[in-house]
Amino acid sequence: MRPAAPPDPAFAEIKRAVIARTGHAYYEDKDAALWERVQQRIRATGTGDATGYAALLDQPGEGEAEWARLEAAVTIGETFFFRDAGQFAALRDTILPGLVARRAGSRRLRIWSAGCSTGAEPYSVAILLRRLLGAEFPGWRISILGTDISEAALAAAREARFGPWALRGMSAAERARDFLPVDEGRRWELRPEHRRSPRFERQNLLGLLDGTLPLGMTGFDLILCRNVLIYFDRSTVPALVRRLGERLAPDGWLLLGHAEPDPAYNAFLQPVSLAGTTAWRPPGLRAPAEGAGDEEPAPAETARPPAPPALPTSPPSPPAEPPTPREVIERARAEADAGALDAARARLREGLRAHPTTAALHYLDALVAHALGEEAAAEAALRRALYLDRGFVAAHYQLGLILLARGAAEAGRRSIANAARLARAMPGGTVLEEGDGMTAETLLGLARQHLGPAEMSR
């Protein structure tokens with residue numbers, strides 16, 4: 001059931017302070033989600049209620065330490081490798097090769113992953129660069145800086161150990177190549193050669209606006225700030241993007257999340273259309289992209305989050321009602337991303353009792369089951385999702401991967417061929433439902449790795 005609005009009046013002050021410190025206006029209209037996280041810290045500190053917890057936050061020394069823990073609790077971070085296959089294809093095929101060619105003289109690259117969470121993004125870039133440079137990699141000076149507001153996330157990033165959920169975007173062969181099994185196979189540790197370039201430090205993106213971000217954080221060849229800006233007040237976002245652009249090298253690249261482009265950025269950045277994504281560059285470059293053909297820069301599609309509704313000063317407690325399927329999915333994903341797979345499963349099962357015919361809930365239930373090592377349950381959940389929606393491309397593809405992994409080669413290829421057939425009927429740039437940013441074109445490229453020409457043409 002959806003939690004009622006918190007009765008303790010001190011919660012409103014905590015909420016205002018959280019938004020002011022983190023910039024996460026995401027919580028303006030999400031009292032229930034923020035209250036859940038505050039309650040976790042109230043129980044952990046034994047302060048009893050929001051009034052007692054607010055008093056703790058105001059204490060010198062101890063209060064700042066607790067603020068760090070609360071900021072970690074309220075920060076929602078995706079934590080899986082090679083998130084958004086379309087953008088990583090653009091990095092692999094256009095952005096990084098072009099930068100390597102331009103920097104061949106200095107053999108130096110500077111990259112910033114802003115809002116890096118537990119490190120999957122900067123480590124993914126490190127893996128990609130090592131593959132691209134091959135034997136030449138040791139001769140390059142590559143600095144990959146990962147920053148985040150959460151000390152807990154940064155500590156996990158430095159440890160570089162990940163569960164199956166964080167590796168769900170990688171094949172078994174890729175996982176075996178880049179990771180070593182630890183904890184009796186329950187987790188995977190990144191191989192040492194991929195851990196040398198990235199370093200991690202605590203920074204708040206709001207430091208771009210108030211002048212507290214170090215001046216040395218500039219001249220980056222590539223900045224990734226993906227799926228972070230959606231949590232900020234939309235009136236603040238253009239200023240943040242402008243400041244990010246100012247931290248680029250004159251021929252650098254900026255990648256944002258799929259939901260974050262805005263035509264307003266065209267006033268101070270140059271959009272570049274690449275296969276599967278839009279990237280941004282400082283204005284005035286003669287060539288729109290290295291290796292991108294003769295395409296002219298095109299404005300990015302508008303995909304801004306809706307403005308949060310105004311909150312009444314004393315809201316009445318709403319009647320309890322089941323969360324919507326989308327609310328269940330968002331909360332369960334956040335729990336899974338934080339490593340709380342059992343909590344994510346419990347939330348999904350509760351959501352499925354209220355919404356048993358929602359295919360996306362069955363799909364996410366399958367991903368969580370797979371991350372828990374329960375392959376039979378994952379397969380059954382994917383089949384339920386496909387029974388409800390035969391056009392669910394990502395479900396066909398994931399079912400094919402599971403079948404191939406358990407040795408059912410013919411059935412697995414058939415499922416992947418079904419995904420390819422559906423994707424082929426879509427425009428290449430179509431972002432697939434629940435596909436973690438994967439486009440139809442990207443899926444077809446992945447399908448070719450498993451299917452022969454005859455199977456691809458069906």
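By full-length UniProt numbering, the letter at position 292 of the sequence shown is numbered 292, and the numbering carries on one by one without gaps. Each residue gets a CB set at the ideal place from its N, CA and C atoms; glycine is no exception. Computed from a predicted model, the values in this text were never measured in an experiment.
Beta-carbon contacts of P427 that lie in its chain and below 8 Å, excluding the five residues immediately before and after: Taking the first residue of the sequence shown as position 1, residue 427 is located at position 427. Around P427: A440.
With a 10 Å radius around its C-beta and 16 neighbouring C-beta atoms as the bar for buried, classify S65 as buried or exposed. For the purposes of this step, residue 65 is identified with residue 65 of the sequence shown, where counting begins at 1. Sequence check: residue 65 is Ala here, not Ser. Under this definition A65 is an exposed residue.
Proximity below 8 Å, CB of R102 to CB of D251: For the purposes of this step, residue 102 is taken as residue 102 along the sequence shown, with counting starting at 1. For the purposes of this step, residue 251 is taken as residue 251 along the sequence shown, with counting starting at 1. In contact: R102 and D251 (Cβ atoms closer than 8 Å).
Does the distance from the CB of D365 to the CB of D84 come in under 8 Å? The residue given as residue 365 occupies position 365 in the sequence shown. The residue given as residue 84 occupies position 84 in the sequence shown. No, these two residues do not count as a Cβ contact at 8 Å.
Contact belief for residue 459 with L215 at Cβ below 8 Å, rounded distance in angstroms: Lying outside 1 to 458, the shown extent of the chain, residue 459 is not represented and no answer is given.
I need the straight-line Cα distance from W67 to A25, nearest angstrom please. Position 67 of the sequence shown holds residue 67. Position 25 of the sequence shown holds residue 25. The alpha-carbon atoms of W67 and A25 are separated by roughly 17 Å.
Buried or exposed: where does T147 fall if 16 or more other Cβ atoms within 10 Å of its Cβ makes it buried? Along the sequence shown, read from residue 1 onward, the residue named residue 147 stands at position 147. T147 is buried by the Cβ-count criterion.
Alpha helix (DSSP H) containing A154: first to last residue? As a working note, residue 154 is residue 154 in the sequence shown. Residue identity check: residue 154 is Leu in the sequence provided, not Ala. First-last of the alpha helix (DSSP H) with L154: E151 to E159.
Look at I14 and A72 and say whether their C-beta atoms are less than 8 Å apart. Position 14 of the sequence shown, counted from the start, is the residue given in the question as residue 14. Position 72 of the sequence shown, counted from the start, is the residue given in the question as residue 72. No.
Counting only runs that start and end within the segment 56-140, where is the beta strand (DSSP E) found for 3 or more residues in a row? 108-114
The beta strand (DSSP E) with F392 in it runs from where to where? Within the sequence shown, the letter at position 392 stands for residue 392. Unbroken run through F392: none, as it is neither H nor E.
If you follow the beta strand (DSSP E) that V272 is in, where does it begin and where does it stop? Within the sequence shown, the letter at position 272 stands for residue 272. Element bounds for V272: Q270 to L274.
Is it buried or exposed for V38, if we count other Cβ within 10 angstroms and need 16 for buried? Position 38 of the sequence shown, counting from 1, holds the residue named residue 38. That one is buried.
Any chance you could list the alpha helix (DSSP H) runs of at least 4 consecutive residues sitting entirely within the segment 370-421, in chain order? 375-388 and 393-405
Selected residue, minimal CA-CA separation from R413, among R199, L133, G134 and L401: The residue labelled residue 413 in the question sits at position 413 within the sequence shown. Minimum Cα distance to R413 is reached at L401.
For T51 and A359, what's the separation of their Cα atoms in angstroms? Residue mapping note: residue 51 aligns to position 51 of the sequence shown, counting from 1. Residue mapping note: residue 359 aligns to position 359 of the sequence shown, counting from 1. Rounded to the nearest angstrom, the two C-alpha atoms are 42 Å apart.
Could you tell me the alpha carbon to alpha carbon distance between L382 and Y397, rounded to whole angstroms? To locate residue 382, count along the sequence shown from 1; it is residue 382. To locate residue 397, count along the sequence shown from 1; it is residue 397. Their backbone Cα atoms lie some 10 Å apart in a straight line.
Does the contact criterion of 3 or more C-beta pairs under 8 Å hold for the segment 133-140 versus the segment 361-379? no
Threshold first: 3 residues or longer. Then list the beta strand (DSSP E) segments lying entirely within the segment 144-214, N to C. 179-182, 187-190 and 198-202
Minimum C-alpha distance to G163 - residue among V431, E28, D337 and D233: Residue numbering aside, residue 163 sits at position 163 when the sequence shown is read from its first letter. Among V431, E28, D337 and D233, the Cα nearest to that of G163 belongs to D337.
Exposed or buried, P288, counting other C-beta atoms within 10 Å across all chains shown (16 or more means buried)? Here residue 288 refers to the residue found at position 288 of the sequence shown. Unreliable placement is indicated for P288, whose pLDDT of 43 sits below 50; the coordinate value is still reported in the next sentence. Answer is buried; the Cβ neighbour count reaches 16.
Supposed contact pair L240 and L205 - C-beta distance, whole angstroms, cut 8 Å: Looking up residue 205 in the sequence shown gives position 205. Looking up residue 240 in the sequence shown gives position 240. The Cβ separation is near 6 Å, so the contact holds.
So A340 is in the alpha helix (DSSP H); what residue range does that whole segment cover? Residue 340 sits at position 340 when you count from the first residue of the sequence shown. A340 -> no alpha helix (DSSP H), and no H or E assigned at all.
Nearest to P325 by alpha carbon, out of I223, D342, T357 and A343? As a first step, residue 325 must be located in the sequence shown, where it is residue number 325. Selected option, being the one with the closest Cα: T357.
How about I223 and A114: are their beta carbons less than 8 Å apart? By one-based count along the sequence shown, residue 223 stands at place 223. By one-based count along the sequence shown, residue 114 stands at place 114. Result yes, Cβ atoms of I223 and A114 sit closer than 8 Å.
With a threshold of 16 other CB atoms inside 10 Å of the CB of E246, please say whether the residue is buried or exposed. For the purposes of this step, residue 246 is taken as residue 246 along the sequence shown, with counting starting at 1. Flag for E246 reads exposed.
Count the other C-beta atoms from every protein chain shown that fall within 10 angstroms of the C-beta of G452, then say buried if there are 16 or more, exposed otherwise. Taking the first residue of the sequence shown as position 1, residue 452 is located at position 452. It is exposed - the Cβ of G452 has fewer than 16 other Cβ atoms within 10 Å.
Unbroken beta strand (DSSP E) run spanning F220, endpoints: Your numbering for residue 220 matches position 220 in the sequence shown. Counting along the chain, the beta strand (DSSP E) containing F220 begins and ends at F220 to C225.
Beta-carbon gap between F220 and G23 smaller than 8 Å: Looking up residue 220 in the sequence shown gives position 220. Looking up residue 23 in the sequence shown gives position 23. Going by C-beta atoms, F220 is not nearer than 8 Å to G23.
For A279, which residues does DSSP report across the bridge? Reading the sequence shown from its first residue, position 279 is the one you call residue 279. For A279, which the question treats as bridged, DSSP gives the partners V272.
With DSSP as the reference, label P238 as helix, strand or coil. Working through the sequence shown from its first residue, we reach residue 238 at position 238. Three-state result, P238: helix.
Helix, strand or coil for V368, going by three-state DSSP, please let me know. On the sequence shown, residue 368 is found 368 positions in, with the first residue counted as 1. Looking at V368 - three-state DSSP - the assignment turns out to be helix.
Looking at W165: is its Cβ nearer than 8 Å to the Cβ of R175? The residue you call residue 165 lines up with position 165 of the sequence shown. The residue you call residue 175 lines up with position 175 of the sequence shown. Going by C-beta atoms, W165 is not nearer than 8 Å to R175.
Assuming contact is defined by CB atoms lying nearer than 8 Å, are P192 and Y123 in contact in what I supplied? Translated into positions along the sequence shown, residue 192 becomes position 192. Translated into positions along the sequence shown, residue 123 becomes position 123. Not in contact: P192 and Y123 (Cβ atoms no closer than 8 Å).
For the ligand FAD, is there any heavy atom lying closer than 7 Å to the beta carbon of E64? The ligand FAD is not among the ligands present in this structure, which contains no ligands whatsoever.
Terminal residues of the alpha helix (DSSP H) in which A249 lies: Counting from 1 along the sequence shown, the entry for residue 249 is found at position 249. Where A249 is concerned, there is no enclosing alpha helix (DSSP H), although the beta strand (DSSP E) it sits in stretches over L248 to L256.
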